[in-house]
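Reviewing the structure listed below.
Chains as they are written, first to last, in my numbering: chain A, 241 to 373; chain B, 800 to 988.
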């Protein structure tokens, strides 16, 4: 029984560790670095997360936190479509930051919708470090 | 005795469902009267059978069957994903093409299933609806439902959430006897 418990604890530890160092994030950070960006900063990502951007169409004021909330561990809701959005933090939502293709797809969509343009490699790296934190 | 009866029931159900299933399969490319009746009695529109479509579109909203809108609608929708009902839903070029091909091949104008043909029949000349709920057929089918059951119902909120009330919507069945409105119950007019 004791052995079983130890094994379980080890398993949990392993899972937590792999969640904080996602191979998908590592791969993307390398791509961004190769493009000339870096070093990356979680603090810069956090600042951008709540930064407001003005638009001519509704909603006129948009930010990442507007839909995802300012707490990465919380679930959010799209301000325009009301779609429920699961928590971003990989610590509470293990599906997050596991697929490079998916990450890039949502960066493209959400940067264009929120900032009105695609994000730079530097910005994407900063966001990833912040979300992964 | 009881066990025997149970077994008998099971055997009957299995036989009946396999009969139904094989009839449906043949019905797909048959189109004859007998078979099409069988098919239509089961499903109203071809169910979604494309995993990329389920993953890409169905992860954000109900995976509407392609047979609920004509080809022109799907083409227009897929070329305006940058502003998809107020959100950005852009796709990579490869996925984009794959999905356009799937939607067009299964669009309402290519289908002889009941709901598809009726939606097509209700369109005005040159009409290219982007919302299924904008089609006359849809409106006629939902015109007796009070606002408080859908838009003002916190568990529904919008006509775009087919599956909220149509319990077998995902299987392509929109029979009114299967309708169950959250907080209200069964609906039959």
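Quick reminder that beta carbons are idealized off the backbone N, C-alpha and C, glycines included.
Going by beta carbons, residue 912 (chain B) and residue 866 (chain B) fall inside the 9 Å limit. Classified as buried, residue 863 (chain B) has 16 or more neighbouring CB atoms from the shown chains inside 10 Å of its CB. Residues of chain A whose Cβ lies closer than 9 Å to the Cβ of residue 889 (chain B) are, in chain order, 345, 348, 349 and 352.
Look at residue 321 (chain A): its C-beta is under 9 Å from a C-beta on chain B.
Membership of residue 976 (chain B) in any alpha helix (DSSP H) is not indicated, and neither H nor E is assigned to it by DSSP. Judged by beta-carbon spacing, residue 292 (chain A) lies within the 9 Å limit of residue 303 (chain A), meaning their Cβ atoms are closer than that value. Linking residue 349 (chain A) to residue 892 (chain B) through their CA atoms gives a straight-line distance of about 14 Å. Relative to the Cα of residue 362 (chain A), the nearest Cα in the group A:279, A:264 and A:265 belongs to A:279.
Taking 9 Å as the cut-off, the beta carbon of residue 918 (chain B) is found no closer than this to the beta carbon of residue 842 (chain B). Less than 9 Å divides the Cβ of residue 890 (chain B) from the Cβ of residue 880 (chain B). Among the residues of chain A, those whose CB is under 9 Å from the CB of residue 884 (chain B) are 320 and 321, following chain order. Among the bridge pairs identified by DSSP, residue 325 (chain A) is matched with A:316. Interface residue (Cβ-Cβ distance to chain A less than 9 Å): residue 925 (chain B) is not classified as such.
For residue 265 (chain A), the enclosing alpha helix (DSSP H) starts and ends at 263 to 274. Cβ-Cβ separation between residue 987 (chain B) and residue 977 (chain B): approximately 10 Å, too far for a contact (criterion under 8 Å).
In the DSSP assignment, residue 350 (chain A) falls within the unbroken alpha helix (DSSP H) covering 340 to 355. Residues of chain A whose Cβ lies closer than 8 Å to the Cβ of residue 956 (chain B) are, in chain order, 322. Shortest Cα-Cα distance from residue 973 (chain B) to any of B:950, B:954 and B:937 involves B:937. Neighbours of residue 859 (chain B) across chain A, judged by C-beta separation under 7 Å: 323. The three-state reading of DSSP puts residue 943 (chain B) in coil, since its state is none of H, G, I, E or B. Under the three-state reduction of DSSP, residue 283 (chain A) is assigned to helix. Between residue 960 (chain B) and residue 861 (chain B), the beta carbon gap of about 6 Å places them in contact (Cβ cut-off 8 Å).
Interface flag for residue 881 (chain B) against chain A is set, since a Cβ pair is found closer than 9 Å.
Per DSSP, residue 966 (chain B) lies in no alpha helix (DSSP H) segment and is marked neither H nor E. Among the residues facing chain B, residue 373 (chain A) is not included, as its CB has no counterpart in that chain under 9 Å away.
Assigned with DSSP and collapsed to three states, residue 954 (chain B) falls in coil, not helix or strand. Apart from sequence neighbours up to five positions away, the residues of its chain that approach residue 906 (chain B) with a beta-carbon distance below 6 Å are 865, 869, 870 and 873, ordered along the chain. Counting other Cβ atoms within 10 Å of its Cβ, residue 286 (chain A) reaches 16 or more and is therefore classed as buried.
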